[in-house]
Structures are given as structure tokens and as C-alpha cells.
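Numbering (this note's numbering), first residue to last: 6 to 265. See structure below.
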Ligand code: ZN
């Protein structure tokens, strides 16, 4: 059986890498380039990876690219409000149809994540280059496949802390503890329509977090997990008349109640 590769589009607003020397030092070709390399390295022929950025035509996400995307990853921070409502609506529709979505780090405040969650998605934060310890709290989940130990650590991270205003996740796969005392639901899954969504918090733009082996493994695993599978999606409501089999009750319908 030949399985076609998962088509991954890595979207990055690509601003800090061009305006901040500190970010440029860690991600000279952009965060998207490092994410692409990580996913490619982990999944090989099982994926076909492309990148897209905000300044490209249609903000990098025209309908034809989204139509050919099985999993979209999202990194944004400085320009959430620059992403057009049209692009957000397009991505939202594709998620409901089954496209997987990985929302990374400051993407928690993106228009698309907030729309999909329906809450503010805001949190507490502190940039003190402190230690983050990520505890695996669902070892059965394929997103942590291949990780060793009960936890792993990032020596320097931006603290993201509770309360994190998200709806109750389908699964909380990872919880982070920070040197300064806060905790955070750092790896959470959701489903919307037929689409699978993974929020993963590590990844601040001035720390080399996307070079970390465990982080790269988790992101690649999440791509595989979020890829569409299962049966077709029939998300649109429709009236069924006549019935599939005879209905014997007698019931008179007031059609005016359905007319709008
Ligand atoms: Zn950050």
C-alpha cells in the first residue's frame, strides 16, 4: 500500500527575524525554515513541506495552497491584527473540513486560534529566560511518541502561566512548570468539525527552542497526529425529504416556521 505524503504548510508572520538582531541570531532564515527542517528531518518521505509568510500574496495562504494543505502550522506574534479576516475565514473553514492545525507559542493570541476556541486565549507571561520543565501527563498520546523520561527541560524559556483562557481541551498532553513557580497547560488538543488542533506553547523568538530535539519530535508527532483521516465530513445542514424509510406518524408541518 502506498500512502501519499502529508502536505504540510508552515506559516510564519516572519517579522522578528528581520527586525530583531537577537531573533536573527537564533533563526537567521526565519522560524519557518527551522520548523520545516525539523519536520522534514523527523518524518522524511512521509511529508511534503512548504513554507508561507505574511508578506506573500494572499498573506501566503491563497485558497489553492490551503486546498492542498493537510496540516498547517501557525507562528505569529507581532502582527496578529494584520492577518486578514478573509484568510482567517478560509483557514477556519479548512479546519472544519479536516485540515490539522498546530498553533505554536504566541499563536495563542492569533485570530484563527481565538475564533476556533471562542475564548480570549490569553494567559500570564514573563520573559526571564527561566527554566521550563515539561511534564508528560498523557504518555499514551502519539504526540509524545518516542520521548524518554517523565519530563524534559528547556534551560531558557519565556514563562507562559495559568490561567490560560481556553475551553477545556480534549486532551492535555503536557503541563509545564517554570522556575519562577507558575504552571501551564503547554500541550493541548482540540477538535473542531473534522479538524484536529494542537496548541504547543514553547517557542519564544529569542530562545533556540525549535532547535531542541524533544520539541522537534513533539511538533513532528503532532503533524502526523493532526493529518486528516477517517470518513468524509458532512458539516453542512440539509433538509432530508423524503425520508430514507417510510414514516407512519401523521404530522402537519407549519412551513412558515421554516421560511426565513
Ligand atoms: Zn514569546
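Built from N, CA and C at the ideal position, the CB exists for glycine as well.
Residue i in three-state terms, based on DSSP
{"i": "residue 137", "result": "strand"}
{"i": "residue 188", "result": "strand"}
{"i": "residue 209", "result": "coil"}
{"i": "residue 28", "result": "helix"}
{"i": "residue 183", "result": "strand"}
{"i": "residue 6", "result": "Here residue 6 scores only 49 on pLDDT, less than 50, and its place in the model should not be relied on; the value that follows carries that caveat. Coil."}
{"i": "residue 239", "result": "coil"}
{"i": "residue 224", "result": "helix"}
{"i": "residue 21", "result": "helix"}
{"i": "residue 84", "result": "coil"}
{"i": "residue 47", "result": "helix"}
{"i": "residue 232", "result": "coil"}
{"i": "residue 161", "result": "strand"}
{"i": "residue 257", "result": "coil"}
{"i": "residue 202", "result": "strand"}
{"i": "residue 244", "result": "coil"}
Close Cβ partners of residue i (< 6 Å) along its chain, the five nearest in sequence each way excluded
{"i": "residue 137", "result": "159, 162, 181, 183"}
{"i": "residue 4", "result": "Residue numbering for the chain in the displayed model covers 6 to 265; residue 4 lies beyond these limits and cannot be assessed."}
{"i": "residue 225", "result": "44, 47, 48"}
{"i": "residue 125", "result": "170"}
Same chain, Cβ closer than 8 Å to residue i, five either side skipped, listed in chain order
{"i": "residue 120", "result": "93, 97"}
{"i": "residue 228", "result": "11, 13, 44, 48, 52, 76, 78, 105, 107"}
{"i": "residue 17", "result": "35, 36, 37, 40, 56, 57, 58, 59, 80, 81"}
Neighbourhood of residue i by C-beta distance below 7 Å, restricted to the same chain and skipping five residues each side
{"i": "residue 10", "result": "50, 51, 52, 53"}
{"i": "residue 6", "result": "Annotation note: pLDDT 49 at residue 6 (below 50); position unreliable, no value reported."}
{"i": "residue 197", "result": "100, 101, 121"}
Check whether residue i and residue j have beta carbons under 8 Å apart
{"i": "residue 109", "j": "residue 84", "result": "no"}
{"i": "residue 36", "j": "residue 187", "result": "no"}
{"i": "residue 12", "j": "residue 74", "result": "yes"}
{"i": "residue 177", "j": "residue 149", "result": "no"}
{"i": "residue 189", "j": "residue 174", "result": "no"}
{"i": "residue 3", "j": "residue 61", "result": "Because the chain in this structure spans residues 6 to 265, residue 3 falls outside the shown range and cannot be described."}
{"i": "residue 151", "j": "residue 99", "result": "no"}
Whole-number beta carbon distance between residue j and residue i, since they are thought to touch under 8 Å
{"i": "residue 232", "j": "residue 76", "result": "6 Å"}
{"i": "residue 122", "j": "residue 171", "result": "5 Å"}
Query raised in the report: When the Cβ atoms of the region 53 to 67 are set against those of the region 236 to 252, are three or more pairs found closer than 8 Å?
Result: Judged by Cβ distances under 8 Å, the region 53 to 67 makes no contact with the region 236 to 252, as fewer than three pairs qualify.
Query raised in the report: Touch check for the region 99 to 114 and the region 137 to 154: three-plus C-beta pairs under 8 Å?
Result: Output reads no: the region 137 to 154 does not touch the region 99 to 114.
Query raised in the report: Touching or not, the region 190 to 203 and the region 21 to 29, by the rule of three or more beta carbon pairs under 8 Å?
Result: The region 190 to 203 and the region 21 to 29 do not touch, with fewer than 3 CB-CB distances between them shorter than 8 Å.
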